[in-house]
Amino acid sequence: MYENIFLVIGLGTFGLQTCEELSAKGARVIAVDNRPELIEKIKDGVTQAFLLDSTDEASLSTLPIEDIDMAIIAIGDNIEANILTTALLKKAGVPYIIARASSEIHQRVLSQVGANEIINIEKDAGRRLAEKIISPDILDRVPITLEISIAEIWVPATFVGKNLMELDIPGRMRLTVSAVKRGELSVDEEGNPVKGEQIVFPTGSTILEEGDILLVVGRNEDIDRLRGI
Numbered sequence: 008m009y010e011n012i013f014l015v016i017g018l019g020t021f022g023l024q025t026c027e028e029l030s031a032k033g034a035r036v037i038a039v040d041n042r043p044e045l046i047e048k049i050k051d052g053v054t055q056a057f058l059l060d061s062t063d064e065a066s067l068s069t070l071p072i073e074d075i076d077m078a079i080i081a082i083g084d085n086i087e088a089n090i091l092t093t094a095l096l097k098k099a100g101v102p103y104i105i106a107r108a109s110s111e112i113h114q115r116v117l118s119q120v121g122a123n124e125i126i127n128i129e130k131d132a133g134r135r136l137a138e139k140i141i142s143p144d145i146l147d148r149v150p151i152t153l154e155i156s157i158a159e160i161w162v163p164a165t166f167v168g169k170n171l172m173e174l175d176i177p178g179r180m181r182l183t184v185s186a187v188k189r190g191e192l193s194v195d196e197e198g199n200p201v202k203g204e205q206i207v208f209p210t211g212s213t214i215l216e217e218g219d220i221l222l223v224v225g226r227n228e229d230i231d232r233l234r235g236i
């Protein structure tokens with residue numbers, strides 16, 4: 008399991024998807040919103056879920072701020088709340104804050120109040136589409152910081168039939184292989200083939216197979232280097 012703890016504030020479409028993607032990749036996630044129906048929706052899919060107003064400093068103090076490694080401010084429908092929440096988390100000492108911006112002016116203000124990284128949904132969607140077109144073998148990439156990501160990538164052909172110990176991916180490529188996704192074929196009660204997916208938490212003796220998907224964590228430049236092998 009990925010050890011960092013992520014705080015996601017704002018559970019609209021973007022915030023919910025962020026929670027789901029991080030949790031699916033083994034991260035510990037704390038979700039926050041002031042709408043009970045959204046907390047109810049996400050509570051079983053994250054580590055903790057809090058119903059509170061993130062613009063209220065006293066309410067924010069009830070969160071385990073000292074344990075949080077990164078906060079994602081996903082509030083999109085209230086610019087003032089988005090900015091104030093960012094400022095309060097910076098004041099509280101959260102080490103890395105990613106905030107969602109809706110305009111260039113909003114982006115500049117977020118930078119001034121302490122956001123370490125700012126994303127614009129429309130621009131980011133364009134970037135992800137371009138990346139998917141240019142790098143089709145990278146199935147997905149979730150940024151952790153500006154330089155580090157979690158990525159799903161097809162196993163290179165030169166790795167097939169070799170075990171992780173002899174490949175020495177951490178030593179040669181400075182990447183950690185967290186899991187391997189492997190397709191499996193079974194048969195249902197009527198004798199029809201059914202495709203499934205197996206998650207393997209690898210050891211040094213794990214032999215990679217054709218069609219495997221590697222879940223790796225590391226610097227973007229090293230992920231791109233693995234893609235080029």
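Add 7 to the 1-based position in the sequence shown for this note's numbering, that's all there is to it.
All C-beta atoms, glycine included, are put in the ideal place defined by N, C-alpha and C.
From a predicted model like this one, the values you see are computed outputs, not experimental measurements.
DSSP-derived helix/strand/coil call for Gly22: helix
On the CB-based measure, 16 or more other CB atoms within 10 Å of its CB, does Asn85 come out buried or exposed? exposed
Using the Cα positions of Thr20 and Leu45, report the straight-line distance between them to the nearest angstrom. Cα atoms of Thr20 and Leu45: separation of roughly 10 Å, rounded to the nearest angstrom.
For the 8 Å Cβ check, are there 3 or more pairs between the region 81–95 and the region 16–32? The region 81–95 makes contact with the region 16–32, as at least three CB pairs between them are under 8 Å.
Would you grab the beta carbon distance between Arg219 and Lys188 for me? Rounded to a whole angstrom, and I think it's under 8 Å. For clarity, residue 219 is Asp in the given sequence; the question names Arg instead. That pair is a contact at about 7 Å.
Could you tell me the distance, in whole angstroms, from the CA atom of Leu29 to the CA atom of Leu215? 25 Å
If you compare alpha carbons, which of Pro102, Ile72, Gly100 and His113 is closest to Ala88? His113
From Glu5 to Asp60, what distance separates their C-alpha atoms? This structure cannot settle anything about residue 5, because the visible part of the chain is limited to 8 through 236.
Hey, how far is the Cα of Ala99 from the Cα of Ile72? 7 Å
With which residues is Ala106 paired in a DSSP beta bridge? BP columns for Ala106 point to Ile80 and Ile125.
Pairwise C-alpha distance: Leu182 and Asp40: Between Asp40 and Leu182, the C-alpha separation is close to 34 Å.
Contact under 9 Å by Cβ, Ala38 with Gly22: yes
Can you tell me where the beta strand (DSSP E) holding Ile160 begins and where it ends? Ile160 -> beta strand (DSSP E) spans Ile155 to Trp161.
So the alpha helix (DSSP H) Arg115 belongs to, where does it begin and stop? Glu111 to Val120
Within its chain, find whatever has a CB closer than 6 Å to the CB of Met8; leave out the 5 residues flanking it on each side and keep chain order. Residue placement at Met8 cannot be trusted, given a pLDDT of 45 that sits under 50; what the coordinates show is reported in the next sentence. Residues Gly33 of the same chain have their beta carbon placed closer than 6 Å to that of Met8, with the five preceding and five following residues left out of the count.
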